[in-house]
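Numbering (my numbering), first residue to last: -15 to 405. To keep things clear, I will list the structure first and then write my remarks on it.
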């Protein structure tokens, strides 16, 4: 599909019920099917020395699901340092959790939590609509410190690196805060609100703004290193592999940008606005759009390989995908959780909730963990989509789960932060 959007005003804004768009003229075309080579898959991405590397693997590292018998889980990473857990935004972590989770604690933040937590060094960090960055003890649920931001945090999720927590707010201020003490280290002012989440690569921190730029700052000082101008608000978070940042946006384009200097390496026209962040697996990027589709882009050929659309339910995909065991799992505004075969773009299964699924799924031990705006937190079988367990929070869960140290942390729109184990 190659659509030329000659003039439009837009905002990727969930609270307004989607993208607010005024199209003056658009020339559209039909989506074309693409054949997919199996040889394009079977890779994985890892991070070493602050720079993501592409590795060939027989398959993604998975820990077989096993019953814990109520005992504490094991083999987990101790940290979930950023949105989606890693720079490739896969939303996948090794380890197993009990079949039935136990509520460890609840923290009352007082205002809506749509920011997803970061976890490191026994602490969960999360932003709130009250304009606060909170540090919560992962074991006890007690407040360690509270940092006042310039304005509310919408969906910008904190990232932590080398003892510093980074987050953006709706005033357009980007903050670097001491993880130990909760004091400001530096701030940087963009020209419009920040809903994108930061990603740290080496000595650089990347984030997008509604001022239509992707920024790269010095992570230690906050000095601007470069900024890339797009043609619409940058709502999504950049995914990183092999020194390249990949990002979609509200201008209908998927971009690859060299982190070293901000040079645009290539652009793929996808013909739709996206608030979802791309998930990288091998040579592929997967993300949903406001044109009711999930796309697979081949990063080597720089082409859209397939487009998935539910045959009956035509609703946008705002959730960011998790990729595991050959499946792309993503929430839809059609109230469904969708699992798509990564090689073919065909549906594997769907799971029905009672409201929009804007939470981005996480995967651990062959299970899918995801919230819904119906107020429930679901655990599903990755293989089949069968429900394993659910928790009724009583308020919409549009934030995404973070999994680390045998814990699952997720916030709700009534201002509660939940920790399960």
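Glycine included, each C-beta is placed from N, C-alpha and C at the ideal position.
Query                                                                                                                   : Result
Inter-residue spacing [alpha-carbon to alpha-carbon] between residue 306 and residue 334                                : 14 Å
Cβ neighbours of residue 87 in the same chain (closer than 8 Å, five flanking residues each side left out)              : 375, 402, 403, 404
First and last residue of the uninterrupted beta strand (DSSP E) at residue 131                                         : 127 to 132
Rounded distance between the beta-carbons of residue 201 and residue 246, thought under 8 Å                             : Wrong, their Cβ atoms sit about 11 Å apart, outside the cutoff.
Rounded distance between the beta-carbons of residue 112 and residue 134, thought under 8 Å                             : Residue 134 to residue 112, Cβ: 13 Å. No contact.
Backbone CA spacing between residue 277 and residue 75 [nearest angstrom]                                               : 20 Å
Inter-residue Cα distance where the pair is residue 137 and residue 100                                                 : 11 Å
Close-in-space but distant-in-sequence residues of the same chain around residue 149 (CB under 6 Å, 5 per side omitted) : 109, 142, 161, 163
Neighbour-count burial assignment, residue 98, 16 or more Cβ in a 10 Å radius                                           : buried
Per DSSP, cross-strand counterpart(s) of residue 257                                                                    : In DSSP, residue 257 forms no bridge with anything.
Supposed contact pair residue 299 and residue 316 - C-beta distance, whole angstroms, cut 8 Å                           : 6 Å
Alpha-carbon spacing of residue 78 relative to residue 328, whole angstroms                                             : 25 Å
Where residue 211 falls: helix, strand or coil (DSSP)                                                                   : strand
Sequence-distant residues of its chain with Cβ nearer than 7 Å to residue 210 (five each side left out)                 : 200, 245, 246
Cα-Cα separation, residue 145 to residue 180                                                                            : 17 Å
Nearest neighbour of residue 392, chosen from 398, 368, 352 [CA to CA]                                                  : 352
Separation of residue 218 from residue 258, as counted between CA atoms                                                 : 9 Å
Own chain residues within Cβ distance below 7 Å of residue 220, not counting five before or after                       : 180, 192, 231, 232, 233, 258, 259, 260, 261
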